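With the first letter of the sequence shown counted as 1, position 465 gets the number 464 in numbering that gives the first Met the number 0; the numbers rise by one all the way through.
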Amino acid sequence: MESSEAHLDTIESQRSTVVFQDQRRQRCFPMNLIYKAAGIFSSRNSSQRGDTESVPEFLTNLRLLDLFNLPVGCIQMNPETFCGVSDGNKECVEKLRSHEMACLKSHSGDSVLHLAATWGHLDSVKSIVSECPCLILVPNSKDQLSLHVAAYAGHSAVIEALVATLTFVSAKLSEEEKEKLNLYVVKDKDGDTPLHLALKGRYMEIASSLVKANNQASFLANNEGISPLYMAIEAGDLSLVKAILKTTGDNGLESKKCSLDSKLEGRKYLAHAALKARSTDILDAILKKYPSLEDEPDEQGRTCLSFGASIGYYEGVCNLLDRSTKNVYVCDDDGSFPIHLSVEKCSREIVDVFLKRCPDSKHLLNKRGQNILHIAAKMGHHIIKNDVRKILEFGQDVDGNTPLHLATKKLCSGLITSLTSDVRILQVRNNNGLRAPDIAESEVKPNHIFQERLTLALLLSANTKQKGYEKIRSMTRPSEPLNHDKNRDYVNTLLLVAALVATQ
0 MESSEAHLDT IESQRSTVVF QDQRRQRCFP MNLIYKAAGI FSSRNSSQRG DTESVPEFLT
60 NLRLLDLFNL PVGCIQMNPE TFCGVSDGNK ECVEKLRSHE MACLKSHSGD SVLHLAATWG
120 HLDSVKSIVS ECPCLILVPN SKDQLSLHVA AYAGHSAVIE ALVATLTFVS AKLSEEEKEK
180 LNLYVVKDKD GDTPLHLALK GRYMEIASSL VKANNQASFL ANNEGISPLY MAIEAGDLSL
240 VKAILKTTGD NGLESKKCSL DSKLEGRKYL AHAALKARST DILDAILKKY PSLEDEPDEQ
300 GRTCLSFGAS IGYYEGVCNL LDRSTKNVYV CDDDGSFPIH LSVEKCSREI VDVFLKRCPD
360 SKHLLNKRGQ NILHIAAKMG HHIIKNDVRK ILEFGQDVDG NTPLHLATKK LCSGLITSLT
420 SDVRILQVRN NNGLRAPDIA ESEVKPNHIF QERLTLALLL SANTKQKGYE KIRSMTRPSE
480 PLNHDKNRDY VNTLLLVAAL VATQ
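Structure follows, in structure tokens:
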């Protein structure tokens with residue numbers, strides 16, 4: 000392998016032959032603004048360094064004008080330099096000079112600063128920034144700056160050094176210039192800012208540092224429509240969420256809502272995300288800042304309360320009910336109310352708290368005309384208490400089905416037993432003229448002797464309690480020969496049916 004001295008001798012010959020076209024276009028960062036800013040600094044005292052006592056040592060020799068001395072054309076990095084910088088070889092970095100250092104690129108378009116930042120070589124990063132600060136503005140072929148790659152790799156010390164550099168530079172800029180040269184909001188090809196990448200890797204310390212340095216990227220959506228604020232909520236990081244939400248100048252609830260809408264891109268269902276993360280602390284922080292989010296529906300028309308019920312999050316539902324019960328009576332796009340969704344989720348605790356806080360919610364009907372007992376029967380959930388069941392069991396949906404009809408279709412034997420305590424229900428017919436026993440008969444198949452016949456047996460047992468009951472002859476329908484492995488099930492079923500009939 001050639002020495003570092005030898006490959007440096009070849010740089011001049013490479014300069015005229017290897018140019019990366021992607022880098023010439025500078026797609027990631029608005030270079031016209033950089034050149035404009037460069038003009039601003041050239042008209043000022045470009046050697047001004049400010050209070051050097053408060054500046055990190057590696058920045059004491061940095062001249063602002065050097066920051067905008069961008070390379071023209073690129074030189075392909077040879078293997079020795081690539082390996083040396085990637086390995087954190089200090090001698091290799093020291094032997095590179097500013098002009099050559101700025102032009103060198105790997106096959107993937109990485110500069111020497113990208114490589115040092117990717118592998119977390121802090122000393123190399125400081126040395127490169129000190130010698131060639133313009134590289135912090137230069138993207139690679141993925142449109143990523145060194146700030147992106149360091150955040151993606153999770154190197155907090157490197158991020159700290161790069162943030163210190165940007166802070167040093169920003170201190171010399173006007174507010175307008177800071178906005179134009181804000182590297183924290185630069186997006187790569189996937190639309191990710193450095194903050195997105197830190198959160199994707201769950202590097203929360205780095206994310207906090209980036210938010211502290213500049214909060215604007217927190218509200219920007221990537222190509223998937225996800226903002227860092229949404230990601231922080233999903234991650235359940237309360238301190239980070241509070242740091243992002245900490246803004247000034249909001250006066251009144253309406254202005255707060257407008258402020259959020261004007262800043263936040265992508266998914267705006269922040270309270271829903273807090274419920275999904277199962278964090279009432281984050282939910283409190285969000286709704287304290289933006290109360291109107293409690294009532295905003297998601298893409299399925301679900302309010303926060305409906306969403307909390309749909310995922311079975313008891314603490315979240317109670318939190319929202321403590322704020323207001325109005326959304327108990329707001330349905331989603333499918334016509335389901337929060338209490339219906341809690342029944343579908345088989346969340347007995349949530350169903351009970353709805354009935355306790357809003358007893359009349361038991362009468363709410365979905366688009367199918369079904370109450371909570373219908374839904375429990377349809378789902379095969381035996382979670383509705385007897386006092387409520389007795390009130391709802393004769394209700395018929397748009398098809399004329401009672402909860403018993405639906406429980407029979409579901410072959411829910413446990414629920415059938417409770418639903419037939421009042422035998423009059425057995426005579427109710429649906430729109431097709433079918434009673435629950437009729438449905439059970441139609442469900443009995445030759446090769447199914449357990450669940451189907453058990454259902455019919457339970458209905459037969461209830462039917463015999465009536466005066467003048469109609470006999471059901473389907474129990475005697477012969478079944479096809481069974482596999483010998485299933486004989487035990489067959490015998491057990493016959494014993495159960497015999498016991499039921501014998502008790503009449």
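Beta carbons: idealized from backbone N, C-alpha and C, even for Gly. The structure displayed is predicted, hence computed values, not measured ones.
Rounded to whole angstroms, the Cβ separation of phenylalanine 336 and serine 309 is 11 Å, and the two are not in contact under 8 Å.
The shortest C-alpha to C-alpha distance from alanine 206 to any of Asp109, Arg423, Leu146 is the one to Leu146. Annotated three-state conformation of lysine 104 is strand, per DSSP. A distance below 6 Å between beta-carbons, with the five flanking residues on each side excluded, links glycine 311 to the following residues of its chain, in chain order: Lys344, Ser346. Between the alpha carbons of isoleucine 349 and isoleucine 371 lies a gap of roughly 13 Å.
Cβ contact annotation for isoleucine 438 (same chain, cutoff 8 Å, sequence separation greater than five): His404, Thr407, Lys408, in chain order. With a 10 Å radius around the Cβ and a threshold of 16 neighbouring Cβ atoms, alanine 170 comes out exposed. In terms of CA proximity to aspartate 142, Ser110 leads the group Ser110, Gln369, Gly153, Arg96.
One thing to note: asparagine 213 has its Cβ within 9 Å of the Cβ of tyrosine 183. Across the structure, serine 105 and phenylalanine 218 are spaced so that their CA atoms are roughly 33 Å apart. The DSSP-derived three-state label of isoleucine 74 is strand.
In the structure shown, the three-state DSSP call for histidine 113 is helix. Where isoleucine 135 is concerned, there is no enclosing alpha helix (DSSP H), because DSSP gives it neither an H nor an E.
Residue state for tyrosine 328 is assigned as helix, using DSSP reduced to three classes. By the Cβ neighbour-count rule, proline 78 is exposed, with fewer than 16 other Cβ atoms within 10 Å of its own. Each of Phe393, Gly413, Thr416 was checked against the Cα of glutamine 426, and the nearest Cα belongs to Phe393. Per DSSP, reduced to three states, the secondary structure at proline 296 is coil, with no helix or strand assignment. When DSSP states are grouped into helix, strand and coil, proline 55 belongs to the coil group. Annotated as distal: glutamate 314 and threonine 302, with beta-carbon spacing of 9 Å or more. Taken through DSSP and simplified to helix, strand or coil, aspartate 283 comes out as helix.
For proline 227, the uninterrupted alpha helix (DSSP H) run begins and ends at 227 to 234, by DSSP.
The continuous stretches of alpha helix (DSSP H) do not include histidine 381, and DSSP gives it neither H nor E. Proximity to lysine 262 across His271, Ser305, Leu244 peaks at Leu244, based on C-alpha coordinates.
Valine 162 and valine 168 have their C-alpha atoms some 10 Å from each other. Comparing C-alpha distances from aspartate 189 to each of Asn221, Ile382, Gly413 shows the shortest one belongs to Asn221.
Here the alpha carbons of glycine 200 and lysine 94 stand approximately 34 Å from one another. In terms of CA proximity to leucine 64, Pro132 leads the group Gly153, Ala116, Pro132.
Excluding five sequence positions before and after phenylalanine 57, the CB atoms of its chain that fall closer than 7 Å to its own CB belong to Lys125, Val128, Ser129, given in chain order.
By the neighbour-count criterion, in which 16 or more other beta carbons inside 10 Å mark a residue as buried, arginine 62 falls on the exposed side.
Residue environment: lysine 267 is assigned as buried (16 or more neighbouring CB atoms within 10 Å of its CB, all protein chains considered). For alanine 272, the enclosing alpha helix (DSSP H) covers residues 269 to 275.
Annotation for serine 208: the continuous alpha helix (DSSP H) segment containing it runs 203 to 212. Inclusion of cysteine 330 and serine 291 in the CB contact set at 9 Å is not warranted, their separation being larger than that value. CA-to-CA, the gap between serine 123 and cysteine 317 works out to about 53 Å. Serine 341 sits buried, since 16 or more C-beta atoms from the chains shown fall within 10 Å of its C-beta. Cβ-Cβ distances below 6 Å link tyrosine 151 to Leu196 in the same chain, with the five nearest sequence neighbours on each side left out; the list follows chain order.
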